[in-house]
Amino acid sequence: MHHLPLTAAAQLAEVVSEKQWLHIALCQWCHCNLFDALSFALADEDEGLLLMRPVYGKFENDFSIQSRLKMLYVESEGRKFFAPDIVKSYESRLAEAEAEGVNVKALLLCNPHNPSGLCYPVDTLLAILRFCSSHGLHVISDEIYALSTFPTTRTAVTFKSVLSLDLAGVIDPGSVHVLYGMSKDFGVPGLHLGSLITRNEQLQSAFEDIGLIHTPSGLSYHVGSLILEDSKFVENVIGLSRQKLSENYALVTRMLDEAGIEYWRGGSAGFFLWVNVSALLDGDGSDAEEKMGEKFRAQGLWLNPGVERGEHRGWVRVIISHDKVKLEEGIRRLIKTWKTVQHQNPCIESSVLPP
Ligand SMILES: Cc1ncc(COP(=O)(O)O)c(C=O)c1O
Numbered sequence: 001m002h003h004l005p006l007t008a009a010a011q012l013a014e015v016v017s018e019k020q021w022l023h024i025a026l027c028q029w030c031h032c033n034l035f036d037a038l039s040f041a042l043a044d045e046d047e048g049l050l051l052m053r054p055v056y057g058k059f060e061n062d063f064s065i066q067s068r069l070k071m072l073y074v075e076s077e078g079r080k081f082f083a084p085d086i087v088k089s090y091e092s093r094l095a096e097a098e099a100e101g102v103n104v105k106a107l108l109l110c111n112p113h114n115p116s117g118l119c120y121p122v123d124t125l126l127a128i129l130r131f132c133s134s135h136g137l138h139v140i141s142d143e144i145y146a147l148s149t150f151p152t153t154r155t156a157v158t159f160k161s162v163l164s165l166d167l168a169g170v171i172d173p174g175s176v177h178v179l180y181g182m183s184k185d186f187g188v189p190g191l192h193l194g195s196l197i198t199r200n201e202q203l204q205s206a207f208e209d210i211g212l213i214h215t216p217s218g219l220s221y222h223v224g225s226l227i228l229e230d231s232k233f234v235e236n237v238i239g240l241s242r243q244k245l246s247e248n249y250a251l252v253t254r255m256l257d258e259a260g261i262e263y264w265r266g267g268s269a270g271f272f273l274w275v276n277v278s279a280l281l282d283g284d285g286s287d288a289e290e291k292m293g294e295k296f297r298a299q300g301l302w303l304n305p306g307v308e309r310g311e312h313r314g315w316v317r318v319i320i321s322h323d324k325v326k327l328e329e330g331i332r333r334l335i336k337t338w339k340t341v342q343h344q345n346p347c348i349e350s351s352v353l354p355p
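First residue of the sequence shown? That's 1 in UniProt numbering, and the numbers climb one at a time after it.
Okay, structure coming up:
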């Protein structure tokens with residue numbers, strides 16, 4: 001019943017060609033519990049975690065509600081979010097935190113990136129890893145959308161896991177920890193199955209000690225093993241999902257392009273687009289985003305502004321992994337809402353944030 005870690009490790013060994021990563025620890029836990037346990041194991045209360053924003057908003061709950069880590073959101077400061085140069089933004093946030101007396105312990109990467117669907121180029125990953133190495137930081141790479149990749153444009157960066165990189169001379173591999181869960185790629189969040197992939201022996205033993213509290217049910221293990229052992233099923237499910245995501249991505253980007261609505265281009269993974277609807281902001285008061293949300297709700301749309309902690313207000317995460325008919329109707333309503341306000345305020349210009 002409990003051989004899921006072995007099954008998952010065998011699958012991983014097949015896709016990760018670097019031999020160095022074959023010595024792994026795989027703990028099967030609920031993905032959010034992994035974050036909580038990782039922060040408990042790697043850091044003390046009030047120590048810091050660096051992460052770029054916009055980013056999946058619930059990281060804040062996972063890393064701070066129990067373990068009380070300080071979330072140190074990094075601003076792009078006009079730099080390209082996915083370019084190696086972004087390391088300078090991490091550097092200034094780190095210096096700022098140190099000046100405030102915060103001991104920074106780790107950097108969190110979300111790759112493929114939620115909420116934009118973009119993936120980090122290898123040279124940027126390496127630059128970030130080098131930065132972490134030179135400051136003695138752990139790197140946590142959340143790769144939960146690793147298999148939800150799909151073709152879009154010729155220039156879109158394809159997903160590369162940090163597990164596939166040659167880390168020799170870059171960073172101590174014992175400081176790099178990858179998280180993967182089945183909930184997104186396989187559409188099974190209810191199974192609560194997540195994996196920590198690390199070669200850090202101290203971390204492995206810490207997880208063994210606290211693991212009993214977090215272990216998912218035997219039933220979850222069983223279903224997870226059945227899925228992963230049936231390679232034909234895996235191929236079909238992932239193939240179909242990629243095809244549908246690709247079609248939906250094309251549909252939504254075409255509609256947004258025609259309407260002249262800005263979004264971060266170059267996505268190639270995950271379920272999202274990061275879209276600029278700041279023309280709908282009502283003034284610049286603290287409730288401007290909330291009022292914007294009300295405009296969408298009046299159209300029967302649930303978009304949650306502010307949740308992904310965007311650097312600039314008025315950006316929303318649009319989920320594209322819906323049934324195509326519903327998705328098309330939803331985007332039509334979004335455009336309708338946007339156009340009404342554009343019409344009333346023809347001078348509003350959208351701000352530009354490059355990927
Ligand atoms: C980037 C990212 N990490 C983690 C999670 C949490 O995953 P789970 O539902 O398996 O706990 C999500 C869910 O939306 C996510 O988008």
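A virtual CB, placed ideally from N, CA and C, is assigned to each residue, including glycine.
Which residues in the same chain as GLU311 place their Cβ atom closer than 8 Å to its Cβ, once the five residues preceding and following it in sequence are excluded? As a working mapping, residue 311 is identified with position 311 in the sequence shown. Correct list, in chain order: ARG53, PRO54, GLU75, SER76 and LEU353.
Quick check on the DSSP output: the beta strand (DSSP E) that includes THR198 runs from which residue to which? By 1-based counting over the sequence shown, the position of residue 198 is 198. Segment 194-198, the beta strand (DSSP E) holding THR198.
According to DSSP, is TYR73 helix, strand or coil? The residue you call residue 73 lines up with position 73 of the sequence shown. Here TYR73 sits in strand by DSSP.
Only counting runs of 3 or more residues, tell me where the beta strand (DSSP E) segments fall wholly within the segment 32-80, in order along the chain. 48-52 and 70-74
Anticipated Cβ contact below 8 Å, MET292 with ASP282, distance rounded: Within the sequence shown, the letter at position 292 stands for residue 292. Within the sequence shown, the letter at position 282 stands for residue 282. Yes, they are in contact, since the Cβ atoms of MET292 and ASP282 sit about 6 Å apart, within 8 Å.
So ILE238 is in the alpha helix (DSSP H); what residue range does that whole segment cover? By 1-based counting over the sequence shown, the position of residue 238 is 238. 231-259 is the span of the alpha helix (DSSP H), which, as asked, contains ILE238.
Judging by CA-CA distance, which residue of PHE296, PRO305 and VAL341 is the nearest neighbour of GLU329? Taking the sequence shown and counting its residues from 1, one reaches residue 329 at position 329. When only C-alpha atoms are compared, the closest one is PHE296.
By the DSSP assignment, the beta strand (DSSP E) with GLY181 in it spans what residues? Looking up residue 181 in the sequence shown gives position 181. Run containing GLY181: 176-181, per the beta strand (DSSP E) assignment.
SER67 beta carbon less than 8 Å from that of THR149: Your numbering for residue 149 matches position 149 in the sequence shown. Your numbering for residue 67 matches position 67 in the sequence shown. No, the pair does not count as a contact, with Cβ atoms beyond the cut-off.
Helix, strand or coil for ALA99, going by three-state DSSP, please let me know. Position 99 of the sequence shown, counting from 1, holds the residue named residue 99. In the structure shown, ALA99 sits in a helix (DSSP, three-state: H, G or I).
Leaving out five residues on either side along the sequence, give the residues of the same chain with a beta carbon under 6 Å from the beta carbon of TRP264. For the purposes of this step, residue 264 is taken as residue 264 along the sequence shown, with counting starting at 1. Closer than 6 Å at the Cβ level, and outside the excluded window around TRP264, lie SER116, TRP274 and PRO355.
Between the beta-carbon of LEU49 and the beta-carbon of LYS105, is there less than 8 Å? Taking the first residue of the sequence shown as position 1, residue 49 is located at position 49. Taking the first residue of the sequence shown as position 1, residue 105 is located at position 105. Closer than 8 Å, so yes.
Consult DSSP for TRP315 and reduce its assignment to one of helix, strand or coil. Walking along the sequence shown from the start, residue 315 turns up at place 315. In this structure, TRP315 counts as strand in the three-state DSSP scheme.
What are the partner residues of ASP323, as DSSP defines its beta bridges? Within the sequence shown, the letter at position 323 stands for residue 323. Beta-bridge pairing links ASP323 to no other residue.
Among GLY57, LEU125 and SER64, which has the Cα closest to the Cα of residue 362? Only positions 1 to 355 of the chain appear in this structure, which leaves residue 362 out of reach.
Any 3 or more C-beta pairs closer than 8 Å across the segment 95-115 and the segment 137-145: yes
Along the beta strand (DSSP E) that carries TYR106, what are the first and last residues, could you check? Here residue 106 refers to the residue found at position 106 of the sequence shown. As written in the sequence, residue 106 is Ala, which differs from the Tyr given in the question. Start and end: 104-110.
So ILE144 and GLY187 are supposed to be a Cβ contact under 8 Å. How far apart are they, rounded? Residue mapping note: residue 144 aligns to position 144 of the sequence shown, counting from 1. Residue mapping note: residue 187 aligns to position 187 of the sequence shown, counting from 1. Not confirmed; about 12 Å, so no contact.
Roughly how many angstroms separate the alpha carbons of LYS336 and GLY174, rounded to a whole number? The sequence position of residue 336 within the sequence shown is 336, counting from 1. The sequence position of residue 174 within the sequence shown is 174, counting from 1. Computed Cα separation, rounded: 51 Å.
Excluding the 5 residues flanking ILE331 on each side, which residues of the same chain have their C-beta closer than 8 Å to its C-beta? Position 331 of the sequence shown holds residue 331. Excluding sequence neighbours, ILE331 sits near LEU251, VAL252, MET255, LEU256 and VAL318.
What separation, rounded to the nearest whole angstrom, lies between the Cα atoms of THR153 and GLY218? By 1-based counting over the sequence shown, the position of residue 153 is 153. By 1-based counting over the sequence shown, the position of residue 218 is 218. Roughly 42 Å separates the two Cα atoms.
On a Cα-Cα basis, can you pick out the residue from GLY314, GLY194, SER278 and GLU308 that is closest to TYR221? As a first step, residue 221 must be located in the sequence shown, where it is residue number 221. When only C-alpha atoms are compared, the closest one is GLY194.
Between HIS23 and LEU212, what straight-line distance do the alpha-carbon atoms span, to the nearest angstrom? Within the sequence shown, the letter at position 23 stands for residue 23. Within the sequence shown, the letter at position 212 stands for residue 212. Caution applies to HIS23, whose pLDDT of 47 falls short of 50 and renders its modelled position unreliable; the model cannot decide the point.
By how many angstroms is the C-alpha of ARG79 removed from the C-alpha of GLN202? Stepping through the sequence shown from its first residue, residue 202 is reached at position 202. Stepping through the sequence shown from its first residue, residue 79 is reached at position 79. Rounded to whole angstroms, GLN202 to ARG79 spans 36 Å at the Cα level.
Exposure label - SER161; buried when at least 16 CB within 10 Å: To locate residue 161, count along the sequence shown from 1; it is residue 161. It is buried - the Cβ of SER161 has at least 16 other Cβ atoms within 10 Å.
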